[in-house]
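Peer 1: So the sequence shown is numbered by the working numbering: it starts at 1309 and just counts up by one. A virtual CB, placed ideally from N, CA and C, is assigned to each residue, including glycine. Right, I'll just put the structure down here and ask away after.
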Amino acid sequence: MDAALRDELLAMAAEDLRVRAELDEAGELAGGYAPRMEAVHRRNAARLRELVAQHGWPTRALAGEDGAEAAWLIVQHAIGEPAFLRATLPVLWDAAARGEVPAWQAAMLEDRIRVFEGRPQRYGSQFQPDADGWLRPHPIEDPDGVEARRAAVGLEPLAARQARMGREEVGDRARFEREYHAWLRRVGWR
1309 MDAALRDELL
1319 AMAAEDLRVR
1329 AELDEAGELA
1339 GGYAPRMEAV
1349 HRRNAARLRE
1359 LVAQHGWPTR
1369 ALAGEDGAEA
1379 AWLIVQHAIG
1389 EPAFLRATLP
1399 VLWDAAARGE
1409 VPAWQAAMLE
1419 DRIRVFEGRP
1429 QRYGSQFQPD
1439 ADGWLRPHPI
1449 EDPDGVEARR
1459 AAVGLEPLAA
1469 RQARMGREEV
1479 GDRARFEREY
1489 HAWLRRVGWR
């Protein structure tokens, strides 16, 4: 294991989560993609690209269990970098097939990409607020098969996950939707 790589990945993920907590406490997350959060995500994505070019994808053997999970968190949060997420997805699926990362990481990244592209997700891992603010799964491809797909990649049953989801205040829903769709086009998801 490369301890320096692991430590760097853990520090990057910790910064992401720290800034997110600060913005959440200040009420700055509900209105769209906060510029400060976006800056952290872009900086982390740029550095992760460099690390992957140097070392390959940070697997358990390379970066430890927590380092590999930190790398996944960084790519999962790099939502303003569609090309990076798309390029990482087959790498994660390959690593999962070899048992080097958990398959749920690839599944959740696949769902995230599909949702941003406007396609139904496969594993039901991405949620959105309904009209009353309750978090519900984005549309799911073949909903009758979702539980089998979730189990196959190590995700808990969807009902169990949804039971822990709460509410999210969106404020002006029409404005949020306009800004969200403009952002999707601006960064290249659509």
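1) Are the beta-carbon atoms of GLY1372 and MET1320 separated by less than 8 Å?
2) By how many angstroms is the C-alpha of ARG1328 removed from the C-alpha of ARG1314?
3) Assign ASP1324 to one of two classes, buried (16 or more other C-beta atoms within 10 Å of its C-beta) or exposed (fewer than that).
4) According to the neighbour-count rule (16 or more other Cβ atoms, all chains shown, within 10 Å of its Cβ), is ARG1458 buried or exposed?
5) Which term fits PRO1451, buried or exposed, when burial requires 16 or more other beta carbons within 10 angstroms of its beta carbon?
6) Tell me which same chain residues have a C-beta within less than 7 Å of the C-beta of MET1345, skipping the five on either side of it?
7) Of the choices GLY1474, GLY1407 and LEU1381, whose alpha-carbon is the least far from that of ALA1440?
8) In terms of residue numbering, what span does the beta strand (DSSP E) encompassing PRO1437 cover?
9) Could you tell me the boundaries of the beta strand (DSSP E) in which ARG1444 lies?
10) For TRP1497, which residues in the same chain have their Cβ closer than 7 Å to its Cβ, ignoring the five residues on either side in sequence?
11) From what residue to what residue does the alpha helix (DSSP H) around TYR1488 run?
12) Starting from ASP1337 and walking both ways along the alpha helix (DSSP H), at which residues does that stretch end?
13) Within the chosen definition, does the stretch 1401–1417 reach the stretch 1360–1377 through at least 3 CB pairs nearer than 8 Å?
14) Taking the alpha-carbon positions, what's the VAL1399 to LEU1370 distance?
15) Whole-angstrom Cβ separation of GLU1455 and LEU1466, contact assumed at under 8 Å?
16) Tell me the DSSP secondary structure of ILE1421 in three-state form.
17) Nearer than 7 Å: is that true of the beta carbon of GLU1477 relative to any heavy atom of the ligand FMN?
18) So what does DSSP say about ILE1387, is it helix, strand or coil?
19) Between the Cα of ILE1421 and those of HIS1363, ALA1404 and HIS1385, spot the shortest distance and give me the residue it belongs to.
Peer 2: Result, derived from the coordinates:
1) Stepping through the sequence shown from its first residue, residue 1372 is reached at position 64. Stepping through the sequence shown from its first residue, residue 1320 is reached at position 12. Not in contact: GLY1372 and MET1320 (Cβ atoms no closer than 8 Å).
2) Walking along the sequence shown from the start, residue 1314 turns up at place 6. Walking along the sequence shown from the start, residue 1328 turns up at place 20. When only Cα atoms are considered, ARG1314 and ARG1328 end up about 21 Å apart.
3) Translated into positions along the sequence shown, residue 1324 becomes position 16. A buried status is given to ASP1324, since no fewer than 16 other beta-carbon atoms sit within 10 Å of its beta-carbon.
4) In the sequence shown, the residue the question calls residue 1458 occupies position 150. Answer is buried; the Cβ neighbour count reaches 16.
5) Taking the sequence shown and counting its residues from 1, the one referred to as residue 1451 is at position 143. PRO1451 comes out exposed.
6) To locate residue 1345, count along the sequence shown from 1; it is residue 37. The residues VAL1327, ARG1328 and LEU1331, in chain order, have a CB closer than 7 Å to that of MET1345 in the same chain once the five nearest residues on each side in sequence are set aside.
7) Numbered from its first residue, the sequence shown carries residue 1440 at position 132. Before going further, note that residue 1440 is Asp rather than Ala in the sequence given. If we check each option's Cα against that of ASP1440, GLY1474 comes out closest.
8) Locating residue 1437 in the sequence shown gives position 129, counting from the first residue. Run containing PRO1437: 1435–1437, per the beta strand (DSSP E) assignment.
9) Taking the sequence shown and counting its residues from 1, the one referred to as residue 1444 is at position 136. According to the DSSP assignment, ARG1444 belongs to the beta strand (DSSP E) that extends over 1443–1445.
10) Counting from one through the sequence shown, the residue named residue 1497 turns up at place 189. Excluding residues up to 5 positions away in sequence, PRO1390, PHE1424 and GLU1425 lie with their Cβ nearer than 7 Å to the Cβ of TRP1497 in the same chain.
11) For the purposes of this step, residue 1488 is identified with residue 180 of the sequence shown, where counting begins at 1. Start and end: 1481–1495.
12) Working through the sequence shown from its first residue, we reach residue 1337 at position 29. Just to set this straight, residue 1337 is Leu in the shown sequence, not Asp. That residue, LEU1337, is in no alpha helix (DSSP H); it is neither H nor E in DSSP.
13) In the pairwise beta carbon analysis, the stretch 1401–1417 is classified as touching the stretch 1360–1377: at least three pairs are separated by under 8 Å.
14) On the sequence shown, residue 1399 is found 91 positions in, with the first residue counted as 1. On the sequence shown, residue 1370 is found 62 positions in, with the first residue counted as 1. Answer to the nearest angstrom: the Cα atoms are 15 Å apart.
15) The residue labelled residue 1455 in the question sits at position 147 within the sequence shown. The residue labelled residue 1466 in the question sits at position 158 within the sequence shown. Between LEU1466 and GLU1455 the Cβ distance is about 6 Å, and since that is below 8 Å, they are a contact.
16) If you number the sequence shown from 1, residue 1421 lands on position 113. In this structure, ILE1421 counts as helix in the three-state DSSP scheme.
17) In terms of ligand content, the structure shown is empty, and the ligand FMN therefore cannot be addressed.
18) As a position in the sequence shown, residue 1387 is number 79, starting the count at 1. DSSP places ILE1387 in the coil class of the three-state scheme, outside both helix and strand.
19) Taking the first residue of the sequence shown as position 1, residue 1421 is located at position 113. Of HIS1363, ALA1404 and HIS1385, the residue nearest in Cα terms is HIS1385.
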